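Engineer:
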Amino acid sequence: DVQIVASGGGLVQPGGSLRLSCVASGFTFSDHWMHWVRQLPGEGLAWVAHIDSDGRRTNYAGSVKGRFTISRDSDKNTVYLQMNSLRAEDTAVYYCARGERGFDKLLDSWGQGTLVTVSS
Amino acid sequence: DIVMTQSPDSLAVSLGERATINCKSSQSILYGSNNEYALAWYQQKPRQPPKLLIYWTSTRESGVPDRFSCSGSGTDFTLTIASLQAEDVAVYYCQQYYTTPVTFGQGTRVEIK
Numbered sequence: 001d002v003q004i005v006a007s008g009g010g011l012v013q014p015g016g017s018l019r020l021s022c023v024a025s026g027f028t029f030s031d032h033w034m035h036w037v038r039q040l041p042g043e044g045l046a047w048v049a050h051i052d053s054d055g056r057r058t059n060y061a062g063s064v065k066g067r068f069t070i071s072r073d074s075d076k077n078t079v080y081l082q083m084n085s086l087r088a089e090d091t092a093v094y095y096c097a098r099g100e101r102g103f104d105k106l107l108d109s110w111g112q113g114t115l116v117t118v119s120s
Numbered sequence: 001d002i003v004m005t006q007s008p009d010s011l012a013v014s015l016g017e018r019a020t021i022n023c024k025s026s027q028s029i030l031y032g033s034n035n036e037y038a039l040a041w042y043q044q045k046p047r048q049p050p051k052l053l054i055y056w057t058s059t060r061e062s063g064v065p066d067r068f069s070c071s072g073s074g075t076d077f078t079l080t081i082a083s084l085q086a087e088d089v090a091v092y093y094c095q096q097y098y099t100t101p102v103t104f105g106q107g108t109r110v111e112i113k
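Chains as they are written, first to last, in the working numbering: chain U, 1 to 120; chain L, 1 to 113.
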């Protein structure tokens with residue numbers, strides 16, 4: 001079975017940094033793009049970033065570009081989201097999701113999410 | 001960015017009745033290589049991550065009951081729950097995966113009347 005487990009969330013002060021991790025299992029990790037999607041409290045879904053299957057190409061939402069970095073480690077079946085210069089408006093549940101093989105921006109499996117709270 | 005707009009924001013339907021959710025894209029999401037619309041629907045139940053329900057406008061994900069269906073063309077799409085069950089209470093999101101950034105509708109909350 002496909003399993004995607006995100007971790008690393010917590011409380012951080014404005015301007016601070018946090019690194020989220022997402023461990024995947026049950027599928028060939030190197031075949032799939034991986035995405036981060038966030039959900040602000042009581043709000044809808046907003047795509048944050050993706051990384052292609054071999055880690056060469058990344059893309060970011062405008063609101064996080066220059067502050068967040070997505071990366072992956074195929075040896076550990078893990079994707080990361082390094083978040084710097086955090087702002088209150090980054091407070092959200094962050095989900096890690098798998099892109100469908102072949103149609104990479106179709107998010108066919110999601111992890112449980114990890115809560116990031118940016119507050120002083 | 002492609003803007004996805006859902007309507008209504010919420011609806012209450014009696015058990016066994018039909019629920020209909022609309023989704024409109026701000027531009028075409030027709031995928032040229034297969035002539036299908038790059039539109040997906042997700043279901044999110046409380047305290048759970050979203051779950052893929054339907055993609056390529058009308059293809060149900062494995063295990064999704066056939067009371068869920070979707071149709072549409074151009075820039076207008078509809079998700080229909082033919083006979084609402086208690087377990088269908090959730091927020092439903094449409095998403096375009098035609099281009100980056102992928103974008104979601106704002107969500108439609110479905111409740112039991």
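For each residue, glycine too, the CB sits at the ideal point set by N, CA and C. All values reported here derive from a predicted model rather than from experimental measurement.
1. When Cβ atoms are compared, which residues of the stretch 96-109 of chain L fall closer than 9 Å to chain U?
2. Anyone know if the C-beta pair for U:L45 and L:Y93 falls short of 8 Å?
3. Taking the DSSP output, what are the residues bridged to L:E87?
4. Could you pull the start and end residues of the beta strand (DSSP E) that U:Y60 belongs to?
5. Check the C-beta distance from U:T91 over to U:V118 and give it rounded, since I have them as a contact under 8 Å.
6. With distances taken between CB atoms, is the gap from U:T78 to U:V23 smaller than 8 Å?
7. Short of 6 Å in beta carbon distance, which residues of its chain neighbour U:W110, apart from the five on each side in sequence? Order them along the chain.
8. Our contact map puts L:L52 next to L:Y37 with C-beta atoms below 8 Å; I'd like the distance itself, whole angstroms only.
9. Which residue marks the beginning of the beta strand (DSSP E) containing U:S109, and which one marks its end?
10. Can you confirm whether U:G111, when its beta carbon is compared against all beta carbons of chain L, has any partner nearer than 8 Å?
11. Would you kindly work out how many angstroms separate the C-alpha atoms of U:D104 and L:S28, rounded to a whole number?
12. Quick check on U:D52 - is its C-beta less than 8 Å from some C-beta in chain L?
13. Do U:G26 and U:D1 have their C-beta atoms closer together than 8 Å?
14. Just list the residues that DSSP pairs U:T114 with in beta bridges.
15. Taking contact to mean at least 3 C-beta pairs separated by less than 8 Å, is the stretch 97-105 of chain L in contact with the stretch 81-89 of chain L?
16. Per DSSP, which residues does U:W36 bridge with? Please list them.
17. Would you tell me roughly how many angstroms separate the C-alpha atoms of L:F77 and L:T20, rounded to the nearest one?
18. Given this structure, state the Cα-to-Cα distance separating L:G72 from L:A40, to the nearest angstrom.
19. Relative to chain L, which residues along the stretch 83-107 of chain U have a C-beta separation below 7 Å, given in chain order?
20. Sort U:V37, U:A61 and U:W33 by Cα distance to U:S74 and report the nearest one.
21. Ignore the nearest five residues each way along the sequence and tell me which others in L:P121's own chain have a CB closer than 8 Å to its CB.
22. Within 8 Å of any Cβ in chain U, is that where the Cβ of L:D37 sits?
23. Let's see if you can read the secondary structure: which residues bound the beta strand (DSSP E) around U:E43?
Structural biologist: The structure says:
1. Q96, Y97, Y98, T99, T100, P101, V102, T103, F104, G105, Q106 and G107
2. yes
3. According to DSSP, L:E87 bridges with nothing at all.
4. T58 to Y60
5. 5 Å
6. yes
7. Y95 and A97
8. No, L:L52 and L:Y37 are not in contact; Cβ-Cβ is about 15 Å, not under 8 Å.
9. F103 to W110
10. yes
11. 19 Å
12. no
13. yes
14. U:Y94
15. no
16. U:A49 and U:C96
17. 10 Å
18. 12 Å
19. Y95, F103, K105, L106 and L107
20. U:W33
21. Here chain L has residues from 1 to 113 only, and residue 121 of chain L is not among them.
22. In the sequence as displayed, the identity of residue 37 of chain L is Tyr instead of Asp. For L:Y37, the answer is no, since every Cβ of chain U falls outside 8 Å of its Cβ.
23. Segment: none, U:E43 is in no beta strand (DSSP E) and carries neither H nor E.
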